[in-house]
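Worksheet for the structure shown next.
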Amino acid sequence: MATVPALRITPLNAVPPRPEGEFVVYWMTAYRRTRFNFALQRAVEWANQLKRPLLILEAVRTHYRWHSDRFHRFMLDGMVDNAVAIEKTKARYYPYIELKNRDGQGLLETLSKQASIVVTDDFPCFFHPALYQKIAQHWSCAVELVDSNGIIPMRATDRTFTVAHSYRRYMQKEIVNHFDDWPNADPLKSLKTEKLKALPKSVIEHWPMSPVDELPHFSLAKLNIDHSVQPTGVKGGMRAAENKLASFVNGKLGNYSEDRNEPEKSGSSGLSPYLHFGHISSHEIFGQLTAANRWTPAMLSKANGKMHGFWNMSEHSEAFIDQLLTWREIGFNMCWRDPNYDRYSSLPTWAKTTLAKHESDPRPFVYSMEQFESAATHDELWNAAQRQLVREGVIHNYLRMLWGKKILHWTASPQDALKVMLQLNNKYALDGRDPNSYSGIFWILGRYDRAWGPERPVFGKIRYMTSESTRSKFSVKTYLGRYSN
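Per the working numbering: the sequence shown = residues 39 to 523.
Spelled out as structure tokens, the structure:
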């Protein structure tokens, strides 16, 4: 069995594992899957080494910002798949749904006092980093963070990349060092210890396990979350993710580079929600893609930082890989290295300078948060994109950029624009609250971009986009009809 690369493992404290502990805990928070998961693989390694049972805790909290029926339903779908997958193995699955705010407080710390070690997911975004710091300060149990976010480990570089070209060149040089460090497709297959007979009584009495057979039809009405943001009908979980991947590779991939920008074509992969919730890994996606192209590492060209030609695959495959390995992973680089990744102050100096210069420029329209949220602007194309976000949890790829640019145009300041974008995206988008989505929002304001001319009111040297130019490039009639009200 291949071992987890040391570069992906970060001890959260200096406490050694306790050989006398009752079990090893894998706390599943960001990689909610049993396949191609370095963190789960590491927990299996510890269980085998310490000869202790493996307990997999997957909890769904209510006390986090933007909690809603939409996100909870997607996570519960994933729990159903995990329950089925783990039941066939020697690991014990512990699904826990927090019914009221902070009901789950103390659960993991209580488990940690009986554990040999806790292994969890090293996710550099949203509430995770602050939670890790709190654990490091207070727990007396060994805890490891394991990076299973992308194909290149976050800690492979000590540099924060500011433009895609430089990250792409770095990735092309670095990627060959990680093809041999692939996660096991089914890490639980290697678990040698016996299944934990029962959860500790002191734990289960205070934090009862959510019945597995109730997960598919669990009533979200009993939870203290936002019920106004309804599920989209898009099913979450590993099986749905793998079906989506197979459908994409065998279908849409064949014209991806052209169709992904067409508003009236659903040319994108649709995988970003599954990547965000950890229901599928970059490794599995990359593996399926390369298999479809009959590709091997021997086919690589010399690194040059260009989007096409390095992989020696089809144009469409290379365009998709650029999204997966450049644009997705540069976001993880930023979130891991800069704790202010979600603040206006993290923008490039040139962007802050030009936006400040034009902050007092008259705006053609100034809309409130409520007007934006209810799609009540004068622009029918923008309104259609916002309605798609509210209904489906996504915005078409190209229109997502236009959506952000017009928010910048129609708010009193760029700081206000950022607040509106973050609120709407994180409240409604299935792939929100993620390094990749923060990259997209901050790109609107100049991150990973360059200064553009001519200098314009409000935008200054920030890249400019309009609904009129979008209409001239693409057909939008059917899209407008679909999201007209």
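Even glycine gets a Cβ: it sits at the ideal position worked out from N, Cα and C. A quick note: this is a predicted structure, and the numbers were derived from the prediction, not measured.
According to DSSP, what are the bridge partners of residue i?
i, result
"G498", "R494"
"V133", "Rather than Val, the amino acid found at residue 133 in this sequence is Pro. Answer is E96."
"P49", "E182"
"D264", "S106"
"Y486", "V201"
Does the separation of the CB atoms of residue i and residue j fall below 8 Å?
i, j, result
"D399", "Y476", "no"
"L226", "T127", "yes"
"D159", "T48", "no"
"G271", "M113", "no"
"P249", "D469", "no"
"L92", "A129", "yes"
"V63", "L149", "yes"
"Q326", "L283", "yes"
"V181", "N86", "no"
"P402", "C163", "no"
"R193", "E136", "no"
"L393", "L313", "no"
"R298", "N463", "no"
"Y132", "N120", "no"
"I368", "Y486", "yes"
"T494", "L419", "Correcting the residue type first, residue 494 is Arg in the shown sequence and not Thr. Against a cut-off of 8 Å, the Cβ pair of L419 and R494 comes out as no contact."
"I173", "H321", "no"
"Y102", "F165", "yes"
"A341", "K211", "yes"
Starting from residue i and walking both ways along the beta strand (DSSP E), at which residues does that stretch end?
i, result
"D159", "153-159"
"Y66", "What sits at residue 66 in the sequence shown is Met, not Tyr. M66 -> beta strand (DSSP E) spans 61-66."
Considering Cα atoms alone, identify which of the options is closest to residue i.
i, options, result
"L362", "R375, L460, I323", "I323"
"I94", "H101, S304, W84", "W84"
"I155", "F61, Q171, F497, D251", "F61"
"M276", "F410, I318, A97", "I318"
"Y205", "I500, D297, R366", "R366"
"T195", "S178, Y466, I213", "I213"
"W104", "L229, G498, Q268, A341", "Q268"
"F256", "R111, D487, R73", "R111"
"E232", "G491, Y170, K89, E300", "K89"
"D185", "L419, E506, V157", "V157"
"R207", "S406, W220, G343", "G343"
"A329", "K239, S355, N421", "S355"
"L427", "I190, L237, F410", "F410"
"G478", "L456, H346, E58, W490", "L456"
"W490", "E243, F286, A389, Q210", "A389"
"M345", "A357, G308, A336", "A357"
"E252", "W481, V82, K465, D115", "D115"
"L21", "F370, V287, E300", "One cannot answer for residue 21 here, as it falls past the ends of the chain, which runs 39 to 523."
"M247", "S505, E147, S406, A97", "A97"
"G144", "K290, L261, H244, A236", "H244"
"S505", "G347, P301, N378, T334", "P301"
"S228", "L78, H396, K465", "L78"
"W481", "P238, G347, A202, H396", "A202"
"K395", "N378, P452, S352, N187", "P452"
Please check the pair residue i and residue j, which I expect to be a contact at CB under 8 Å, by giving their CB distance rounded to whole angstroms.
i, j, result
"M459", "G431", "About 16 Å; that fails the 8 Å criterion."
"D376", "T198", "6 Å"
"Y521", "R425", "4 Å"
"D224", "R73", "6 Å"
"F497", "L446", "7 Å"
"L258", "D107", "5 Å"
"V53", "C179", "6 Å"
"T449", "V514", "Actually they do not touch by this definition, with Cβ atoms about 24 Å apart."
Tell me the residue span of the alpha helix (DSSP H) that contains residue i.
i, result
"M23", "Only positions 39 to 523 of the chain appear in this structure, which leaves residue 23 out of reach."
"F410", "407-411"
"Y205", "202-212"
"F324", "320-330"
"C163", "First-last for C163: undefined, no H or E at that position."
"P452", "452-466"
"V404", "No alpha helix (DSSP H) contains V404, which DSSP labels as neither H nor E."
"M372", "366-375"
"V287", "276-288"
"N222", "No alpha helix (DSSP H) contains N222, which DSSP labels as neither H nor E."
"S310", "310-314"
"Y436", "435-447"
"R429", "418-430"
"N86", "76-88"
"H101", "Taken as a continuous stretch (DSSP letters only), H101 belongs to no alpha helix (DSSP H), as it is neither H nor E."
"H244", "239-244"
"L518", "515-520"
"L149", "145-150"
"W388", "387-395"
"A194", "Where A194 is concerned, there is no enclosing alpha helix (DSSP H), given that its DSSP letter is neither H nor E."
"Y509", "Note that residue 509 corresponds to Arg in the displayed sequence, not to Tyr. Taken as a continuous stretch (DSSP letters only), the alpha helix (DSSP H) holding R509 covers 505-511."
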